[in-house]
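From first to last, the protein sequence lines are chains H and S.
Heads up, the first sequence is in my numbering, so the first residue is 105 and it goes up one at a time.
Heads up, the second sequence is in my numbering, so the first residue is 356 and it goes up one at a time.
Glycine is no exception: its CB is placed at the ideal position from the N, C-alpha and C atoms.
Data first, discussion second: the structure below is written as structure tokens.
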Amino acid sequence: MDGVVVRFTVNGEAAAVRVEPDWTLLRALREGLELTGAKEGCGAGECGACTVIVDGRAVNACLFPAVEAEGAAITTIEGVAAADGSLHPLQRAFLDSGAVQCGFCTPGMVLSAKALLDRTPRPTEDEIRTALAGNLCRCTGYVQIIEAVQAAAEEMSG
Amino acid sequence: MARFAYHRPATVDEALGLLADLGPDAVPVAGATDVWVNLRSGKLAPRALVSLRAVPGLAGLDRSDDGLTLGACATHAAVEDDSWIAGRLPALHMACSQVGSRQVRNVGTVGGNLCNAAPSADAAVALLLYDAVCRVEGPGGGRDVPLDGFFLGPGRTALAPGEILTGIRVPVPRGRTVAGYHKLTRRKAMELPILGVGVRVTLDDGGAVSEARVALGVAGPTPVRCPGAEAALAGGPLTAERVEAAAETAAREARVRDSWRGQAWYRRHMIRVLIPRILLGC
Ligand SMILES: Cc1cc2nc3c(=O)[nH]c(=O)nc-3n(C[C@H](O)[C@H](O)[C@H](O)COP(=O)(O)OP(=O)(O)OC[C@H]3O[C@@H](n4cnc5c(N)ncnc54)[C@H](O)[C@@H]3O)c2cc1C
Ligand code: FES
Ligand code: FES
């Protein structure tokens, strides 16, 4: 395979992936680096299952050209828990609030919520709904997810 | 998906050079939220993409007393997060804040919204209210194109082959101004509008409308202004009768159609409803 090598950091570690020009960041993460937490649902920006954080911003990795990730700092769901395996307050709250059923949307939900809380530690319910509007869940009905983000925000800002 | 080369020029000149060399098979790309969807569906099959994302300065916002200059690659999120814009150009702020989802706004650009030239483009309708001017660079040099003359048809703009949009100048209205953008949708997010309605009136010291702009999305082949409705608003006070008369004129001027998202009669009716709602809050 020819292609080009893209270098970035994922979850704090330097990575180099050989990609084709028509690869998305999602494919580079899943196939190149075997980070399969980010999911492909629609592949068209509609569902948010592929959400990752690039330079502090939640993006749809399915619409993000892999070569544009050059030099970026990327966070995927694999990097949200602490190094010792202890869960991030958002992950804990999702479990405790019953915000996870099948789990397909959960990585994207957690990363959209994390991008919000990193910028806005005490969001209003409206701000949470706006931040999660691009993440579809077919199971939970959303209420528990919003409650989970509220609980995590409260815990984190003490 | 078709194979293509992906170029990431570091300057506008380098981008123009690549577009000139590669010819019509090369497509400029900014946030890729429209381009990538079209690549996937096969609607677009270029030999090369020329990305503008790595060009420094193209993503900036420049605020001054007389207006805002948006780099063509400024994102909808950058507008959404800017309180200066929210205060002075509220209709633009409302439009950009309602594009897609936060993930789409974090990469999708205002320039891409204009160049994509969809009849439903939210930011385009808002920018028509503020007499925005597009800065275009091409092989033959630079030129300014008023946004009012930028859209030629669905997906077609005044950009000549090899030209790119580099910036958008948005004057801040002088005088007491009421402006808003209403995106009519079935749900609150992740939807293209059934209808987009933008209105701005600027008043003189005596309370008469000195400048009026009415613009619509999904009411014709491109985002459009409504000259008849603007004339009906200008030159007198902002009374309920005058606003309703202007709304009626806009509803008659609009070239609405039936589509799966909504029917022509409904779009026409909602133009009558939403123009007074924006201007009079009723
Ligand atoms: C899930 C989803 C939801 C969306 N929701 C909305 C919505 O609610 N409202 C809305 O208006 N749009 C919506 N869009 C469409 C899209 O996100 C916007 O139009 C966005 O502003 C496009 O910007 P971009 O930078 O991603 O453009 P790109 O995809 O990079 O480019 C779009 C077009 O413009 C051209 N182009 C881009 N920049 C330049 C330039 N500087 N010079 C010359 N040509 C250029 C490209 O060649 C292409 O033809 C949505 C898209 C998705 C995927
Ligand atoms: S897979 Fe990316 S938004 Fe659905
Ligand atoms: S938990 Fe199943 S899609 Fe959200």
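For the pair of segments examined, the stretch 374-381 of chain S was found to touch the stretch 397-411 of chain S: the number of CB pairs separated by less than 8 Å reaches three.
Assignment of H192 of chain H by DSSP, reduced to helix, strand and coil, places it in the coil class. For the pair A513 of chain S and A446 of chain S, the CB atoms are not nearer than the 9 Å cut-off. The straight-line gap separating the alpha-carbon atoms of P225 of chain H and Q254 of chain H is approximately 10 Å. At a cut-off of 8 Å, the beta-carbon of L240 of chain H counts as near ligand 3: some heavy atom of the ligand is closer than that. Looking at the backbone, the Cα of G455 of chain S and that of G245 of chain H are separated by about 20 Å.
If you check the CB distance, D503 of chain S and R580 of chain S come in under 9 Å. Per the C-alpha coordinates, the member of S:L423, S:R555, S:V390, S:L416 positioned closest to G467 of chain S is S:V390.
Residue environment for T228 of chain H: exposed (fewer than 16 other C-beta atoms within 10 angstroms of its C-beta). Counting C-beta pairs closer than 8 Å gives fewer than three between the stretch 178-188 of chain H and the stretch 359-372 of chain S, which falls short of the contact rule.
The CB of A387 of chain S comes closer than 9 Å to the CB of L167, F168, P169, E172 in chain H, given here in chain order.
Look at C489 of chain S here: in three-state DSSP terms it is strand.
For S216 of chain H, the nearest beta carbon of chain S is closer than 9 Å to its own beta carbon.
According to the DSSP assignment, K218 of chain H belongs to the alpha helix (DSSP H) that extends over 210-223. Bounds of the beta strand (DSSP E) holding I157 of chain H are 155-158. Put simply, of S:G551, S:D417, S:C428, S:V384 the residue whose alpha carbon is nearest the alpha carbon of V628 of chain S is S:G551. Judged by DSSP in its simplified three-state form, R529 of chain S adopts coil rather than helix or strand.
At least one C-beta of chain S is nearer than 9 Å to the C-beta of R161 of chain H. Judged by their CB atoms, V462 of chain S and L167 of chain H are nearer to each other than the 9 Å cut-off.
Per DSSP, I232 of chain H has no beta bridge partner at all. One residue list follows from the rule of a beta carbon closer than 6 Å to any heavy atom of ligand 2, given in chain order as H:E144, H:G145, H:C146, H:G147, H:G149, H:E150, H:C151, H:G152, H:A153, H:C154, H:N164, H:C166. In summary, no residue of the stretch 602-619 of chain S has a CB separated from any CB of chain H by less than 8 Å. Here the alpha carbons of I178 of chain H and V554 of chain S stand approximately 40 Å from one another. Per DSSP, reduced to three states, the secondary structure at A473 of chain S is coil, with no helix or strand assignment. Nearest Cα to T424 of chain S within the set S:D486, S:A472, S:R395, S:D477: S:D486.
As computed with DSSP, N164 of chain H is found in a beta bridge with H:T155.
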